[in-house]
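Heads up: the sequence shown at position 49 corresponds to 49 in UniProt numbering, and the numbers run straight through without jumps. Notes for the one structure printed next.
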Amino acid sequence: MMLAPNSKTKTSERRITFHVDMDSFFASVEIRERPEIKGMPVVVGSDPKGGSGRGVVSTCSYEARKYGIHSAMPISQAYRLCPGAVFLPVNMKLYAGVSAGVMELLRSFSEKFQQVSVDEAYLIPGPEIRNFEEAALYALRIKDEVQRQQGITCSVGVGPNKLISKIASGFQKPDGLTVVRPEDVRDFLFPLPVSIIPGIGEKTTETLNEMGINRVEELSNCDIQLLSERFGKMGLKMKQLANGLDFEEVVEKEGVKSISRHGTFAEDTNDPVKISGSLDILIESVHGALLKHHFLFKTVTLTVRFEDFSTYTRSKTLSIWTSDIFVIKRTAMKLLSEFTGRRKFRLVGVGVTKFRERDEKQTLITDFP
Ligand code: TTP
Ligand code: MG
């Protein structure tokens with residue numbers, strides 16, 4: 001039996017939330033591509049010209065951060081701080097490819113998934129993760145698979161909501177894992193500076209500090225009247241967040257880049273009938289979403305996870321745009337044939353990408369070839 005596809009699960013039942021953020025993302029990808037610079041201070045930025053350029057730092061490796069270099073700093077300043085660093089230009093195409101691979105992998109670990117930037121995402125796992133102990137092990141699996149498949153490290157935060165998981169993922173960077181149970185939220189949050197709360201930027205921090213509010217605990221206790229006078233509606237929100245409360249849902253922005261469905265088997269299996277039957281159900285669901293959005297696709301992606309959690313994705317890009325369910329089925333089955341055998345499957349997933357809006361002419365061509 002398959003679990004229900006991710007879109008059909010009730011939202012309020014489980015709230016163990018993961019936030020995953022790649023470590024020094026652009027720099028890590030560059031280092032992966034050139035192992036000889038591993039361990040050196042690496043600075044990625046626009047127009048670096050070996051440190052003499054006029055651009056700014058996009059990011060830098062943790063070794064470079066020890067010299068005080070950080071994102072948005074002029075390259076020239078970074079050079080003054082560490083002339084011996086390796087300066088590299090931004091290769092967005094390369095990072096976008098790695099990002100897409102990472103996100104597809106993370107999605108396969110999720111029942112609900114929300115990418116929030118090129119290198120970070122929230123995810124809520126399926127019901128097999130029943131408590132925070134299991135969540136911690138699951139987070140280690142995710143970290144291992146990101147490393148194995150993409151050759152870079154990430155940091156994971158696990159908490160009872162998005163706010164806590166986001167702060168937790170940044171807590172022990174790089175290559176960190178921080179799990180905050182509901183009963184530990186206050187102990188975790190209260191000693192931290194108010195600027196740790198997403199949305200509290202430099203200006204608000206300054207104002208709060210002037211009011212004598214430096215730590216989250218002070219904000220959590222602050223008179224709501226006072227906060228509302230100073231910050232309007234934001235005042236209440238800030239107090240809520242300072243108390244560790246966040247009711248924002250993890251919501252997939254479906255249809256923007258890809259539509260995919262994954263399902264975990266109730267019991268690991270190598271039965272080809274069960275596997276292809278499950279894949280069929282997932283494909284029906286993907287196809288339904290595709291029609292709803294009036295999209296045509298060009299690429300079909302299959303994800304397979306074995307019982308030891310090793311995860312593989314395979315994609316095939318077609319020569320035509322289509323919305324044909326049989327094309328998805330044929331392609332997915334072909335991709336699946338590489339994996340069927342003695343090893344037991346834990347999960348299977350299918351997705352389509354490379355979208356184009358469907359117009360009438362294309363509909364005729366693609367639906368009745
Ligand atoms: P971040 O996740 O903010 O930073 P990071 O991944 O480099 O480092 P950390 O380990 O602290 O997470 O941003 C992700 C990527 O976005 C980053 O690698 C480069 C890019 N970026 C910019 O181009 N300019 C910026 O000012 C920032 C903050 C990020
Ligand atoms: Mg990052």
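For glycine and all other residues, C-beta sits at the position ideal for the given N, C-alpha and C.
query, result
"Reduced DSSP category for residue 103 - H, G, I as helix; E, B as strand; rest coil", "helix"
"Buried versus exposed call for residue 361 [16 or more other C-beta atoms within 10 Å across all chains shown]", "For residue 361, the predicted structure reports a pLDDT of 46, less than 50, and the residue's modelled location is therefore unreliable. A value from the coordinates is still provided. Exposed: under 16 other Cβ atoms inside 10 Å."
"Secondary structure of residue 267, DSSP reduced to three states", "strand"
"Three CB pairs or more closer than 8 angstroms across the stretch 23-38 and the stretch 146-153", "yes"
"Which of helix, strand or coil DSSP assigns to residue 144", "helix"
"Local Cβ density within 10 Å of residue 326, reported as buried at 16 or more and exposed below that", "exposed"
"Where the alpha helix (DSSP H) containing residue 26 begins and where it ends", "25-33"
"Candidates 191, 245 and 198: closest to residue 166 by CA position", "198"
"Cβ neighbour criterion (16 or more within 10 Å) applied to residue 247", "exposed"
"Exposure label - residue 11; buried when at least 16 CB within 10 Å", "Because residue 11 sits at a pLDDT of 39, beneath the cut-off of 50, its placement in the model cannot be relied upon, and the following sentence gives the value as read from the coordinates. It counts as exposed."
"heavy atom of the ligand TTP below 8 angstroms from residue 59 C-beta", "yes"
"Near the ligand TTP: residue 27 beta-carbon under 8 angstroms from a heavy atom", "yes"
"Same chain only: Cβ atoms within 7 angstroms of residue 193, ignoring 5 sequence neighbours per side", "214 and 215"
"Within 9 angstroms, strictly: CB atoms of residue 41 and residue 56", "no"
"Three-state secondary structure (DSSP) of residue 330", "helix"
"Residue 180 beta carbon less than 9 angstroms from that of residue 391", "Any question about residue 391 goes unanswered here, given that the chain covers just 1 to 369."
"Terminal residues of the alpha helix (DSSP H) in which residue 165 lies", "162-169"
"Closer than 8 angstroms: residue 66 CB and nearest the ligand TTP heavy atom", "no"
"Closer than 8 angstroms: residue 97 CB and nearest the ligand TTP heavy atom", "no"
"Cβ-heavy atom distance, residue 120 to the ligand TTP, below 8 angstroms", "yes"
"Every unbroken alpha helix (DSSP H) within the stretch 36-112, with a cutoff of 4 residues, ordered by chain", "62-65, 75-81 and 92-107"
"Own chain, CB closer than 7 angstroms to residue 283, minus 5 neighbours either side, in chain order", "325, 328, 329, 332 and 350"
"Straight-line gap, residue 16 to residue 262 (C-alpha atoms, nearest Å)", "19 angstroms"
"Check: residue 337 C-beta below 8 angstroms from any heavy atom of the ligand TTP", "no"
"Secondary structure of residue 245, DSSP reduced to three states", "coil"
"Given 8 angstroms, three or more beta-carbon pairs between the stretch 228-241 and the stretch 272-292", "no"
"Closest Cα partner of residue 313 within the set 341, 285, 289 and 347", "347"
"Check: residue 199 C-beta below 8 angstroms from any heavy atom of the ligand TTP", "no"
"Residues of its chain near residue 317, where Cβ-Cβ distance is below 6 angstroms and the 5 sequence neighbours each way are ignored", "298 and 299"
"C-beta atoms of residue 275 and residue 336 nearer than 9 angstroms", "yes"
"Inter-residue CB distance, residue 50 and residue 87 (contact presumed, cutoff 8 angstroms)", "5 angstroms"
"Terminal residues of the alpha helix (DSSP H) in which residue 294 lies", "From DSSP, residue 294 is part of no alpha helix (DSSP H); its letter is neither H nor E."
"Distance cut-off 8 angstroms: residue 47 Cβ against heavy atoms of the ligand TTP", "no"
"Proximity of residue 259 and residue 322 at Cβ, strictly below 9 angstroms", "no"
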